[in-house]
Each structure stands twice: as structure tokens, then as C-alpha cells.
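There are 4 protein chains.
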Amino acid sequence: MIRVGIAGATGYTGAELVRILSNHPNVKITILTSRQNKGVPFDRVFPAMSGICDLICEEFSITKICDNSDVVFMALPHKLPMGYAPEILKAGKKVIDLSADFRFNDPAKYEKYYEPHVAKELLKDSVYGLCEIYFEKIKDANLIGNPGCYPTTVLLPLIPLLKSKLIDKNSIIVDSKSGVSGAGRSPSLTSLYCEATESFKAYKIGNHRHTPEMEEILSKEAGENVSITFTPHLVPMSRGMLSTIYATLSDGIKSSHIRDCLSSFYKARPFIRIKPDGMAPDTLHVRGTNYCDIGFKLDERKNRIIIISVIDNLVKGASGQAVQNMNIMFGIDEACSLKTIPFPV
Amino acid sequence: MIRVGIAGATGYTGAELVRILSNHPNVKITILTSRQNKGVPFDRVFPAMSGICDLICEEFSITKICDNSDVVFMALPHKLPMGYAPEILKAGKKVIDLSADFRFNDPAKYEKYYEPHVAKELLKDSVYGLCEIYFEKIKDANLIGNPGCYPTTVLLPLIPLLKSKLIDKNSIIVDSKSGVSGAGRSPSLTSLYCEATESFKAYKIGNHRHTPEMEEILSKEAGENVSITFTPHLVPMSRGMLSTIYATLSDGIKSSHIRDCLSSFYKARPFIRIKPDGMAPDTLHVRGTNYCDIGFKLDERKNRIIIISVIDNLVKGASGQAVQNMNIMFGIDEACSLKTIPFPV
Amino acid sequence: MIRVGIAGATGYTGAELVRILSNHPNVKITILTSRQNKGVPFDRVFPAMSGICDLICEEFSITKICDNSDVVFMALPHKLPMGYAPEILKAGKKVIDLSADFRFNDPAKYEKYYEPHVAKELLKDSVYGLCEIYFEKIKDANLIGNPGCYPTTVLLPLIPLLKSKLIDKNSIIVDSKSGVSGAGRSPSLTSLYCEATESFKAYKIGNHRHTPEMEEILSKEAGENVSITFTPHLVPMSRGMLSTIYATLSDGIKSSHIRDCLSSFYKARPFIRIKPDGMAPDTLHVRGTNYCDIGFKLDERKNRIIIISVIDNLVKGASGQAVQNMNIMFGIDEACSLKTIPFPV
Amino acid sequence: MIRVGIAGATGYTGAELVRILSNHPNVKITILTSRQNKGVPFDRVFPAMSGICDLICEEFSITKICDNSDVVFMALPHKLPMGYAPEILKAGKKVIDLSADFRFNDPAKYEKYYEPHVAKELLKDSVYGLCEIYFEKIKDANLIGNPGCYPTTVLLPLIPLLKSKLIDKNSIIVDSKSGVSGAGRSPSLTSLYCEATESFKAYKIGNHRHTPEMEEILSKEAGENVSITFTPHLVPMSRGMLSTIYATLSDGIKSSHIRDCLSSFYKARPFIRIKPDGMAPDTLHVRGTNYCDIGFKLDERKNRIIIISVIDNLVKGASGQAVQNMNIMFGIDEACSLKTIPFPV
């Protein structure tokens, strides 16, 4: 059994890790930490988990979490993980970090959008945990920078198309929409029910910090510098994320080229579903699952492609992908414990 | 493997059966029927199921469904099942009916609220599939009348208390609230998003047809005639049902008597969770699960008890309980394939 | 022009006062106070009000608010108003308090559920601002205790029936449901979108502090002691409140007696609508308005009445009724500026 | 008093016309027609209107509506209005049509996306009722083609920028999002609460029929051919529409040029609010109002502008703008009866 510790277990991504891992046949959750709820049974914080999880939340202690875990999931605000990771790795444990701290290879990019990086030496060995793209590297990794939710929706459809040069790398515009759970579980005015319901709005227009994360990976995979325009929006729903991506097609590219490219690239990947023509991806269809559904349509008059991708921001956009990374790192079927069947409604 | 046929597979309860049974280790779904979608792949009707279910919806045919199933779930409007059941049973198959057709032992009660019953002879052998109460009878049953959603929330807490004579049988008032999915998947004005959101209202006040169903079972279990006042309401949410039940306490009854009664009655039942004092059941805590959470509080000034029970109307209130019935009928662990971990949000 | 000051203008009830009064032909809003937003333009806190209200929020100052107002609305947490009211009244201004501080005539009842009362001497002259019941007293009042939202839904239908002795005063059970805005605008975990959506639950079961408020008024109007069982619930919607009220009918009382009683009692009242038989009140029908819609049905088998009343908790349940009180106090048409036409959806 | 007839009064836009006009000081609604509800009191179809509107829905009759109206609003499915309009105009009445039938000057464009046009001769005199742009023409018009909701959000910000040549006309990409009420009041599967909630999706990708409507007007105003890429999406909310518009800036254009252009163009217009830097338009801020809020941000790295505009699709996107047109046609203040103050939540 893989012994799992979860740091930051009472946020939404932490609790989602508990949900997914509670049914994992190869895993035993041994320790849950929570600053705000130390000493409180996890099923008092999440009464839904009564009878399912009987652990008590503890204060975070590196010694204790190392003693009791083979792998540590860090579902903490950025800045904290880079402080803890070096010691945990030194103790021979694996680390899957859901924050931004280990997503960048170039510390300067991280520091521009976040803060001074205190564990730069780890960045060269950390692996960006976009499972369908970096599967082979993940197998051997000890430290994973689990991708952001927006980047997951954008990178999965764009990487194959950029690698095959089917679209113009300078033309990319990303219009993304996220459910409210992306804002986390800390009480804030904008996340209140009355403020969010009947409210659709953009935020951090043109300067969201997932932009450099996407650009670093897109550039690496395209083999040349790629920059994008990115606008995130907030949708009055709990879970779900959809990105509508616009790009100019390379000369002579037709719908069939796009379909062939995506289908062959993701042929054997259990969580990528390329939608048939005329069927639009829908956040409801992936709710609670680790799927990324991708559809597209050509606007032939303007020689543009419109790509639509959807995920559950808490699953493929966070905790599901984190577990997928763990499965790959430990040589288990990558889909293990991630086969939640979606609800019809 | 148990071969399962589902009649009416494209309604919400039918699709929920497909969801639950798709992961069942002892089951193979062999046939899905749908009047409206015959010839259409199930995953075109529910694109969420792409890659999970590749069956094509067929027109209902008794011969065909009998040839391919060991058990038939009927997720059809009432009236149809009583027409089909006799022949299916004659073919040696088991039937689990989610309509009201086989919930009553007394055809007169059914006919008063529904319509003329055309298979009265089966009513004496049909078993009311409230699993925690009729477990032993269900084991040997061939025909199950799966309970209504409202009755499930009301009968589970009240039966132990009435059997132990802790409450006054004449004082029961039930104020129930249901999510919109209870109205089914057929387009109707009242189920439209714009009509339902920001709308809370009662309906069928004082004459909902789940009333006689509850009264028949309560009377049988109490050993004397029980009648209740029942008001259902519609809540702007998709899934979930909560009943607030008021009753006058018998002389000298204290909180501890109630707790002991409920706790001991449901001690070994995997899906009943009695909430600790001060914790209120919440539909969100049981969403997608087969749990029934029960809490209570005494209003000592008025010598009344306030009981609150919650379920997911599509799971414990319909398809989950139907699968639980199947498990019991086939000698499988009753919780098999029903251990969905609830989402934190 | 009546000069109006609003203390606590950036909570939901404060902002709702601004909305309603912005169109009032006899009113000029002169001062808005907000502890949290002092110095901030009101339309930065509520960008919807851009172009409508150009006031800047100020810190609360008794001198300043007295200098600039003929009437002060206090949309503050309880405890604060009783500290401010004496001085404002002494300055010859009228006070309409939306907190609980001046709702009770008996300070002991207030103190049991709230805290020590520091302006007890004012309680004998403060008027409970339930407009349809205390119209005559309100005309001459200088200090109004504006009713709670739950009490408004309960008192309006029950007072006429109790006065006419049509129901048994010992049998009253109130099952109430409120939208999330009732919890106010301060960020809290339970008011988060993700925690509230798909969540229906009871809270403060059997000991909500609106209970003594209702009981005091019911007892006064019935002329004898009345106590009730009260259970409030939280509904996943923004605005709206519905109470389902159960009571045993007095001997021989029929539906027509109830209808006659309510219709004649509220004949000339512009905001009370008695629903025809078979039409259920719906929160959506009163959203944004000052209406209280009342319907009822008899459960003849049990000799009970089921009464349903709905209001918008922020309007008739708070700020709308407060303005109605102001109108009455100043001798204006009580409906002035309160004739918002409800949205179809 | 202007006598107003509303054809199609029981759809959402029809009912919204009734709401807005019920308070209009210069208007008397004389006749409401509804195929589905003929003979039914309007306040039975919309119980919220009890005590406000006592008209009875009638079958549509040209004679009757002409006899009783000075202006006829047609809130009917396209195709019907072009059949009725000629005769109504001949009778000397004004017509404001909320369908697409009279939005195009070029019948070929209409026919390509809709159907054969049977009143082509009227197209040369019909005026496209985008009030802020065609104010002068509207004053003298007898026949208005009231703009589509999506076009309203797109044309208002783009026309000034295109006229001033601040953006590249070939680069325009429009990503729009609409609440569910845009789909109307006829029951349909996709508009069901359970299908819409937690569902965000695109539809009619790249071929929605509002595209030619937008292109015709943009081309006319730009003085050259303009074509756009347009993707509409469905948001789980009742009312509200937001468009995110991307375009490449002309050489040397800075933020201040954009702001100056929009501010001066709309200086005197009561319903256009240009948001200050850093404040994002939000559907909640315009809910129930006739405002169009416009904000923008430059992505300087890519030399693109991101424009965001929001309206209430049923008000400025339909019935509010229709009433604004009426006001202009009859020489009344264009804002008359359209000054609904937005709710804080």
C-alpha cells in the first residue's frame, strides 16, 4: 500500500484528493493536515465524509508527514510548498505539489508573477505534471508541479496542433470560463452565493498568472516562442471549466487534418475524448470526472479554428490529475481510482 | 454475471441506473430501451457516457428483454410496468419496478390515486423495496415495488419510532422539499431553468399521491391506522430531498430514547447515518450517494420532535435503492457499486 | 423633501434601502455610512449603482447624521442601534431600526436571546413596524423596530386567524425557508456559492431567535399566551422566503371561513395578496417586491390548515417594509416607491 | 395616452414588455395576445402580476389590435411579424418588431439564414432599432426591427471604434455568453433546470444567425465589408449577456484613444456606462435594467484590445430597447419607464 499524506486537506482540492483516494485500492491515506482545523475530525469539517474517513486533521509537521507517507500531496497556497519540498524530498519521499511553485523551469518567470523562489535548485528536476504530454518523465519524477486548471484546458488541445504546425502560433486567443470552486474555500466577498449567482464576469483581464505558465509550455513544445491573449471569466456554477480557443489556421489546413492530428495524438489516452463533429463539449458532461473533452469547428470564411475544451477544474484541473500523476509515478494504471462515471444530471 | 435490462433508460432514473451499474462488478447491462430514442446510441443521448457505455437504445420488446436479462429494471411512467411485469415474471426473470405500480398491497389504494390496476394478482407477492425495513422479504422476492423518494425519507426515520411507540401516531406532519430532477426529464414549463431558479414553492398541497403510499407502510409497521399531513415543495437545485417531520412525543420520551432507538435499529445498515446532536443533515452531504442521513431535535416546550432526513432523490430515492434491492435479491453485498464517495462541493 | 440617512449602507439591507429610496419622489438620501467602506464611493462598492447614486460612504457620526437627516434608517448589526438611537431621537429625528433592538416591548425577552439592553426606556414607545397590523401606531411613532423577515411571513397570516379564533393557538408549527441573502454580506463559509448551491438544510432548529419575536406579537394579538415550533431552512437561492404553517382548525371551521377572514382583514392593504384556491405562493412571484402572498389549503382528514406565505426577505422582510414604515410615519402613500413590478423570470 | 398592443405577450420578452410598460406614465396597455393562452387572464399565466395587470389574453386579430392600439409590439417568433406588419402599418399604426424579420435591409441576407421574406417592400423603410446609433432615424420610423441581443452587445462598443478606425476590421473575434432566458419560454430539453445548471457550453459555433445581422450593421457603419468570428455560449443563469470581443489595434492606438472615443461617442446617452480602468462589467450589475456597461483592456504584448460589454438580454437585449424605441418614436424621453434601479444582489 502506498502511504499518502495530504497537506492542506480541508481546502477544496485537498478534500477532493481525499474523495478520490478514499476508494483507491493501492492507497492508504495516513495523514491529513490543516492549519485551520487542526484537532478536528475530517468528517466534522466535511460531514459528507462521515463513515468514510475517520482521520483527524493535524498541524503540518515535516517530520511527521515524512514518517507516515511515501508520497505527499501539497494542496497549499503557493509559497508554502517550496519551503517544505526540499526536506521531504531529502527524506526520500515523493512530492506532488498542486500550487504553482514547481510548475516553471525558469525561476525568473515564476518570480515575475509570484514571489522570490526559495528552492530554485529543485526546478531543474521538477516535472510539469501534464500527464498526457509528460508521461515518460513523470514515471521517473520525485517532484511534480501539478498543472494549473486553465493551462490544462489550453495545453491539451494546442500542443498537438502547434507541434504539427497546423495553426499560427501568433494568433492564439484564449477565452476561458471557470466555476466558482476555482476561487477556493476561503470566505471572500466575490465567492458568496448572492454575489456569484446571476453574475458572469471577466477578471484579471490580460494579466492572469496562468498566462506565463501556458506560454512556457507552449513555447517549449512548439520549439519557438509562443505568446497568447488570455481572458478568464467566472461562471455561476460550482465546478467546471471551459476554454474557447481561437487561432488562425496554417495554409491549406482542413477540418480533417485537425481531427486526424488530435485523434492520433490522444489515441491511447483514457481521459481525452475528442468530440464528433457537431457535438459541443459541456462542463456538465465531465463533472466529477478526470476527462478532458475537446471539440472544434472551422470558421472557413476567416480561416480560423475555434477549439473548445472542458474539464472539471477540481479533478483534471487539480486533484484528479494529481492522482493520475501519482499512479504514473508508482507504476500503477494511470486511471486507477479515477473512473468516476459522470452523473446524467 | 447478472444480465441486466433497463426499460426507460433515457429518463433521469434510467440514466442513473446506467451510471450506477456501469461500475458494478457482477453486472453486465445488456439492453437499454427508450421509446423516444430508439436507434440512438445511449452516449448520444447522454454524451457524458461516451467511452463508458456503447449500447444503442432500442424499442421495448418483452421477448427481447426477457431473452437478454436476468433482471429487468423498469424506469417507466406508472401504468406501463403493470402491463409488462406478468409476462416478464412468467419468463422467470426478476423485476424491479421504479414506478408506483407495485408499491401497494391493496389495489384499491393504488386505484384511488392512480388508475385501474391490471395486474392485481401480483400485488400479494410484490415486495415493497425499502431495503432497511424489508431486507428479508426482498431476498426472496421476484417482483419489487421500489419506494417513492418522499416515502423513503419519511419511512426510514418514522418506522423505528412508531414501532417503539415513542411518538403519537396522530400528530405527524411532514414538510418535504425536493430538487427539480424529481420532475423527470420531459420538458415542462415548471422544470425550465428560468422558472425554477429563485423559485421556492409548495405543490400538490395536502393531496400528493405519495401520501397513501406512506400511510399504508406506516400503518402496517405501527400495527394501527396512521394518517399524516404532507406538503411537498420544489427547491431550486438539481438533486436532493429533505423532509422535516414533526410529531408529538409520547409521555416521558427524551432525546436519548430517540437516539437509542434509531441507532440500534440501524446499527448495521451501511446507508443510514444518524447525525450527532447539533449537526443538521444537508442535501449536499448525500449528493450522488445512497445515504439517508437522519438528525433530530426536541422542542421541549411543546413536547414535539423535529426530525430531518435527507437523501439524493435519484439515488436512495430511486435508482440507488433499486440497485440495492437487486444486490439483496441476488445475494450480493447490498452496498456493491453503491459506495460513491460524496463530493466535498 | 425628506432627508434620509442610512447607517450601514453597504450591507444587503442597506443597499436595498438605497435602491428603493433612489426613486422615491419625496426623499433625498443625504448620507450613507459604512464602517468597512468609509471614504469609498457607494458606486464602487456596488458598481451597479454607477450613474444612480454618487454619495461617498462615511464613518458613522451621530452629529453628522442628525444634522443631515429627518429620518435615520439603521441597517446595522443588533446592539449598535440601541446605543445610537437615544441621541438621534433626542435630536428630534425619527429612527427606523432594522435590527432586533427595538422589536420587543419586554426587555427580558430581548436579553434572553440577544444581549443586555442599554436603552430599555425607549422600548415602551418603540413601535413594532408590521405595517398592516400597526398602521395607526406607526403614524405617530418616532422609533420603529422593523420586523424580522421570518416573523413577517408568520404574523401576517396568523394574526387574523388567531384574533378570530379560527385555529388552535397551541398547535402552530412553522416550517420556514430563506434565500441566502438573509445571512448578510459578510463573507462566511456557509454563504459561499459552492457551499450553498445544491444544499438545502435546516439551521438553528427549535431555537432561532425570531421565535420569541413571533411569540410576543402572536400572544399580544391573540390575547393569550401563544408558543410555536419553528424550523428555519436555507434555500439555494439569492432572495425569497416562504413559510409553511400548520395549525389545527377550531371546531367547524371550513375553507370559506378562512378565506373570508383573511380577505376582509386585508381588503384594503396594497401589499397583501390572498391567492385563489389551487394557486400556490411562489418566491419568484414576489421577488424584488414588497408583496406578501398568502395561500392556504385544508387537510380535512386531519382537521388541519396548511398556510403558505411568501415574501422577498430583503424587501417586505426588511428594507421595503422599512420604507413602508417611513411612508406611514410621514403621511405619504404607504406604497410610494414600493411599486416595483415583479420580473416574469 | 399611447395605446399599446402586445402580440405574443406570454413569452419572456412579451411579459417583460408588460412589466416595463405597466409603470409607463404615457402608456395604456390595451390588448395582449397569446396563441397558447387565449382566454386566460394574464395574471394566471404570470401570477406575479396579480393586482398589476388585469387583462385577458386574446387570440391575435389584426383588426382588433389595430382598433385598439397606436403602436403594436410584436414579440412573436420570426416569420409571423412579416405576415402581419403590412396591414398594421396600412392602418396607420406603428410597429416595433422584436423578431429578426425587419432587421435586415438586404432580404437576401435574411433569407439565407431564416426563410423567404414575404414583405420585402417594407425593408427599405424599416429602421434597425439600435437606439444609440439610429436615434434620428427612429424618431421618424413607423416600423422598427428591434436588434438581437447578441448584436446589441457587439455593435454598441464596436461601431465607434470602427468608425474611428481604431481597430483592424478583419481581426474581430466575438465570444459571447447568454443566460438561459434567451432560449425563450417554450419547454425544451436544453432549457430544463437540471440540464442547464452546472452546464456551460457553446452552441451554434461559427454559424449563429446573429452573425449576418452584426456584419450587415458593422459593414454599413465602417463603410467597408466587415466579417467576424462569433461563438455564443450558454451560462447557467436566468438573465444576462456578456460579450468578450477581441481585435487587433490600429497602429499607435493606446488605451486613452479608446477611452476618449467611447466616452465622447456615448457622452449624452443615458444607458451606456463606460467602466473605469480596472473595473470589469458584470451581468449582475445590469440585471433588470436597460444599461449596456462597457469595459476594455489592452493586451499590449499582442497589440490587441479586449472589450467586454454586458446587458440584460431581456431588457436592453429585447423589451427594454423596444420600449426605448417607442419612447423615441413618440417624442418622449427615451429613458421613460426604463429607470429600474438594479438590485444590489
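Protein chains in written order, with this note's numbering: chain P, 1 to 345; chain D, 346 to 690; chain S, 691 to 1035; chain W, 1036 to 1380.
Ideal Cβ placement from N, Cα and C applies to all residues, glycine included.
Annotation: Leu130(P) to Gly145(P) spans about 9 Å, alpha carbon to alpha carbon. At least one CB of chain W lies nearer than 8 Å to the CB of Tyr538(D).
Lys1212(W) is bridged by DSSP to His1268(W) and Leu1277(W).
Membership of Phe1170(W) in the alpha helix (DSSP H) is indicated by the continuous run Cys1166 to Lys1174. Its chain contains Phe447, Leu488 and Gly490 as the residues whose beta carbon lies nearer than 6 Å to that of Ser471(D), once the 5 sequence neighbours on both sides are disregarded; these appear in chain order. Scanning chain W for C-beta atoms nearer than 8 Å to the C-beta of Tyr203(P) yields Ala1315, reported in chain order. When the beta-carbon positions are compared, Ile598(D) and Val499(D) stay at least 8 Å from each other.
In this structure, Thr197(P) and Tyr702(S) do not form a Cβ contact; the two beta carbons are roughly 13 Å apart against a cut-off of 8 Å. Each residue's CA atom was taken as its position, placing Ala699(S) and Met1272(W) some 27 Å apart.
Of the residues Leu234(P), Glu115(P) and Ala247(P), the one whose Cα lies closest to the Cα of Ser171(P) is Ala247(P).
Under the DSSP assignment, Ala1042(W) falls in the beta strand (DSSP E) whose first and last residues are Ile1037 to Ala1042. Neighbours of Tyr702(S) in chain W, taken as residues whose beta carbon is under 7 Å from its own, are Pro1379 and Val1380 in chain order.
Neighbours of Asp451(D) across chain S, judged by C-beta separation under 9 Å, do not exist; the nearest C-beta is about 17 Å away.
With respect to Leu503(D), Cys606(D) sits apart: the two C-beta atoms are not nearer than 8 Å.
An exposed status is given to Thr63(P), since fewer than 16 other beta-carbon atoms sit within 10 Å of its beta-carbon. At a cut-off of 8 Å between beta carbons, Pro1151(W) makes no contact with chain D. The beta carbons of Val717(S) and Ile692(S) sit closer together than 8 Å. Residues of the same chain with a CB within less than 8 Å of the CB of Gln1071(W), apart from the 5 flanking positions on each side, are Thr1045 in chain order. For the pair Gly551(D) and Lys810(S), the CB atoms are not nearer than the 8 Å cut-off. Here Ser521(D) has Tyr495, Thr498, Val499, Phe575, Thr576, Pro577, His578, Met586, Leu587, Ser588 and Thr589 as same chain residues with Cβ atoms under 8 Å from its own Cβ, once five neighbours each way along the sequence are excluded.
Within its own chain, the residues whose Cβ lies closer than 6 Å to the Cβ of Ile1342(W), once the five positions on either side in sequence are excluded, are Pro1192, Ile1280 and Phe1331, listed in chain order.
Note on Lys316(P): 16 or more other CB atoms within 10 angstroms of its CB, so buried under the neighbour-count rule. Phe1235(W) places its beta carbon less than 8 Å from that of Val235(P). Distance from the CA of Ser227(P) to the CA of Asp70(P), rounded to the nearest whole angstrom, comes to 38 Å.
Residue burial is scored here from C-beta neighbours: Ala1303(W) has fewer than 16 other C-beta atoms within 10 angstroms and is therefore classed as exposed. The DSSP assignment places complete beta strand (DSSP E) segments of no fewer than 3 residues inside the stretch 372 to 416 of chain D at 372 to 378, in order along the chain. Using a Cβ-Cβ cut-off of 9 Å, Leu579(D) is close to nothing in chain P; its nearest Cβ partner there is about 15 Å away.
Tyr548(D) has its alpha-carbon roughly 37 Å from the corresponding atom of Tyr1326(W).
Taking all protein chains shown into account, Ser99(P) has 16 or more neighbouring C-beta atoms within 10 Å of its C-beta and is therefore buried. Residues are counted here when their Cβ sits less than 9 Å from a Cβ of chain W; for the stretch 240 to 274 of chain P these are Gly240, Met241, Leu242, Thr244 and Tyr246, given in chain order. In the DSSP assignment, Cys494(D) falls within the alpha helix (DSSP H) that extends over Cys494 to Lys508. Distance check between Lys457(D) and each of His553(D), Phe616(D) and Met624(D) places His553(D) closest, using alpha-carbon atoms only. Around the beta-carbon of Gly39(P), fewer than 16 other beta-carbon atoms lie within 10 Å, marking it exposed. In the three-state reduction of the DSSP assignment, Cys681(D) falls in the coil class, being assigned neither a helical nor a strand state. The beta carbon of Leu434(D) sits no closer than 8 Å to any beta carbon of chain W. In this structure, Asn313(P) keeps its C-beta atom at 8 Å or more from the C-beta atom of Gly184(P).
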